[in-house]
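Asks: I have a structure here, written as structure tokens, and I will follow up with some questions on it.
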Amino acid sequence: MRTRLKIITALAAATMLGLTGCSGPGTDAGAAGSSGGSGDDGTFKVAAFTAGYATPGGKLTLDKFVEEGKAKGWDVTLYTSDFDYDKINSDMQSAITQGADVILAGFPDPRQIAPLVNAAESADIPIFSIDGGVEPNEDFVEDVTFDQDQLASLTVGALEEAMGGLEGKDVMVIGHDPHIGIMTRSNLAYDMLEEAGANIAGGEMKQALNPGTSQEEALKFVTDFLQANPDGLDGVWVGWDHAALGAAQAISEAGQDDIYVTGVDALGVAVEEIKKDGPFYASVHQDWFSVVDVVVEDIEAYRADGTLPEENFVEVEGELIDRDNAAEFTPSM
């Protein structure tokens, strides 16, 4: 289908960019780190980065990583940007030159980090990743992420439950292609909705330009659509909670609380909306703190004796949060 081809094309581009001029640091890093990773002065230096620090999920996850790394006695430096990969690539190449032992990639776009991957490979520095893609990538010695197919299935299923079926229903889909995870689950959800007989509102997926402003963007998407089509919407599937909150706000302001919204992340503010039994019907909890725990322990194993993870791609599952369990759920973000 059209959206399947879109995913395949994007991932092929990601693979080509990520592998340009290198075979990845996986094997070389293991050889170089056979006695563990530490600088000449005995300090274990970790250079962490994220281009998504402006989003609450990105900030909380990377702050948690820094906290846990420092508790292990690491010298951790965090480099951030607002989706400016030129800055990230430059910062990380400087960190490599200054003697980093390990790189932690937080929510990276594999399509945009080829320069730092090349630099890390040349210096025999392993890259551990959190949410670094949707398939194995030899640029990373480990990438721990969530199963995008499961996230899409859970949220489409929740929307189906809320609307009493999908056949003939009008559903808006809001995605963000620059983030591979969101892009993938959005396209998977799009396909699931079409295959179940739903009509995609507006004829195509809506694209938020920036996660940092996505709540306002989604608010406008839904408001404009409802003004032009007052009875033309039954549900809104959204790839992450901030945009879902904007969609739910637009529906409430239009006085049409029989239109339902699903998101992904289970942010505290989203869970509070779910508890109100309003338009925001369900979200999926991605426990990024548990992912941080896994990655920190694996980096510590590398520090100790050069041990690298047996698998370089680990998918974990999310938990659906809806009206049935929202009251008992404690958000981590």
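Taken in order, the sequence shown gives residues -21 to -1, 1 to 312; the numbers are from mature numbering (1 follows the signal peptide of the UniProt record, and there is no 0). Glycine residues also receive a C-beta, built at the ideal position from the N, C-alpha and C atoms. This structure is a prediction, so every number in the text was calculated from the model and none was measured.
(1) Let's see if you can read the secondary structure: which residues bound the alpha helix (DSSP H) around tryptophan 216?
(2) Per DSSP, what are the beta-bridge partners of methionine 151 in this structure?
(3) Tell me, please, whether the stretch 266 to 286 touches the stretch 227 to 240 by the rule of three or more beta-carbon pairs shorter than 8 Å.
(4) Which ranges would you report for the beta strand (DSSP E) in the stretch 24 to 59 if only whole runs of at least 3 residues count?
(5) Between which two residues does the alpha helix (DSSP H) containing valine 270 stretch?
(6) Report yes if the CB atom of serine 60 is closer than 8 Å to the CB atom of lysine 66, and no otherwise.
(7) Where do the N-terminal and C-terminal ends of the alpha helix (DSSP H) with phenylalanine 204 fall, by residue?
(8) Rounding to the nearest angstrom, what Cα-Cα distance links alanine 177 and aspartate 149 in this structure?
(9) On the DSSP letters alone, give me the boundaries of the alpha helix (DSSP H) that histidine 221 sits inside.
(10) DSSP three-state label for aspartate 309, please.
(11) DSSP state of asparagine 178, grouped into three classes?
(12) Which residues in the same chain as alanine 261 place their Cβ atom closer than 7 Å to its Cβ, once the five residues preceding and following it in sequence are excluded?
(13) Starting from the C-beta of glutamine 194, find all residues in its chain whose C-beta is less than 8 Å away, skip the five residues before and the five after it, and write them out in chain order.
(14) Give the DSSP bridge partners of isoleucine 106, in chain order.
(15) So residue 348 is in the alpha helix (DSSP H); what residue range does that whole segment cover?
(16) Would you kindly check if the distance between the Cβ of valine 152 and the Cβ of tryptophan 216 is under 8 Å?
(17) Have a look at Asp70, Val248, Lys49 and Tyr64 and flag the residue whose alpha-carbon is nearest the alpha-carbon of tyrosine 58.
(18) Less than 8 Å between the CB atoms is what I'm expecting for methionine 162 and glycine 154, so what's the real figure, rounded?
(19) Judging by CA-CA distance, which residue of Asp88, Val123 and Thr76 is the nearest neighbour of glutamate 100?
(20) Could you work out which residue in Glu139, Asp118, Val248 and Val45 is closest to isoleucine 92 when comparing CA atoms only?
(21) Measuring only the C-alpha atoms, how far is alanine 84 from aspartate 303?
(22) Identify the continuous alpha helix (DSSP H) that holds isoleucine 75 and give its terminal residues.
(23) Anyone know if the C-beta pair for phenylalanine 212 and isoleucine 238 falls short of 8 Å?
(24) Taking DSSP as the reference, what is the three-state secondary structure of glutamate 100?
(25) With DSSP collapsed to three states, give me the class of lysine 255.
(26) Taking the C-alpha atoms as reference points, what is the distance between glycine 257 and lysine 185?
(27) Of all the options Gln206, Thr192 and Glu296, which has the alpha carbon lying nearest to the alpha carbon of alanine 33?
(28) If you count every other CB in all the chains shown that lies within 10 Å of the CB of glutamate 196, and 16 or more means buried, which is it?
(29) Glutamine 186 bridges to which residues according to DSSP?
(30) Alpha carbon to alpha carbon, how far is phenylalanine 125 from glutamine 72? Give it in angstroms, no decimals.
(31) When the Cα atoms are used, what is the spatial distance from threonine 56 to lysine 255?
(32) Starting from the Cα of alanine 306, find the closest Cα among Ala249, Gly31 and Val273 and give me that residue.
(33) Taking the alpha-carbon of glutamine 127 as reference, which of Glu296, Phe28 and Pro310 has the nearest alpha-carbon?
(34) Going by C-alpha to C-alpha distance, which of Asn116, Leu95 and Glu121 sits closest to glutamate 290?
(35) To the nearest angstrom, how far is it from the Cα of valine 96 to the Cα of phenylalanine 200?
Replies: So, to answer that:
(1) Note, tryptophan 216: premise wrong, no alpha helix (DSSP H); beta strand (DSSP E) at 214 to 217.
(2) Val215
(3) no
(4) 24 to 29 and 54 to 59
(5) 267 to 284
(6) yes
(7) 193 to 207
(8) Distance between alanine 177 and aspartate 149, taken at the CA atoms: about 6 Å.
(9) 220 to 232
(10) At residue 309 the sequence reads threonine, which differs from the aspartate that was named. It is coil, neither helix nor strand.
(11) The answer is strand: DSSP assigns asparagine 178 an E or B state.
(12) Thr134, Ala137, Thr241, Ile253, Leu299, Ile300 and Asp301
(13) His221, Ala222, Leu224, Gly225 and Gln228
(14) Ile82
(15) Given a span of -21 to 312 for the chain in the structure shown, any question on residue 348 remains unanswerable.
(16) In this structure, tryptophan 216 sits near valine 152, with a CB-CB distance shorter than 8 Å.
(17) Asp70
(18) A Cβ-Cβ separation of about 6 Å places methionine 162 in contact with glycine 154 under the 8 Å criterion.
(19) Thr76
(20) Measuring from the Cα of isoleucine 92, the nearest candidate turns out to be Asp118.
(21) 35 Å
(22) 64 to 76
(23) At residue 212 the sequence reads leucine, which differs from the phenylalanine that was named. Yes.
(24) helix
(25) coil
(26) Their Cα atoms are separated by approximately 23 Å.
(27) Thr192
(28) buried
(29) Glutamine 186 is bridged to Gly154.
(30) 28 Å
(31) 41 Å
(32) Ala249
(33) Of the candidates Glu296, Phe28 and Pro310, the one whose C-alpha sits nearest the C-alpha of glutamine 127 is Glu296.
(34) Glu121
(35) Rounded to whole angstroms, valine 96 to phenylalanine 200 spans 37 Å at the Cα level.
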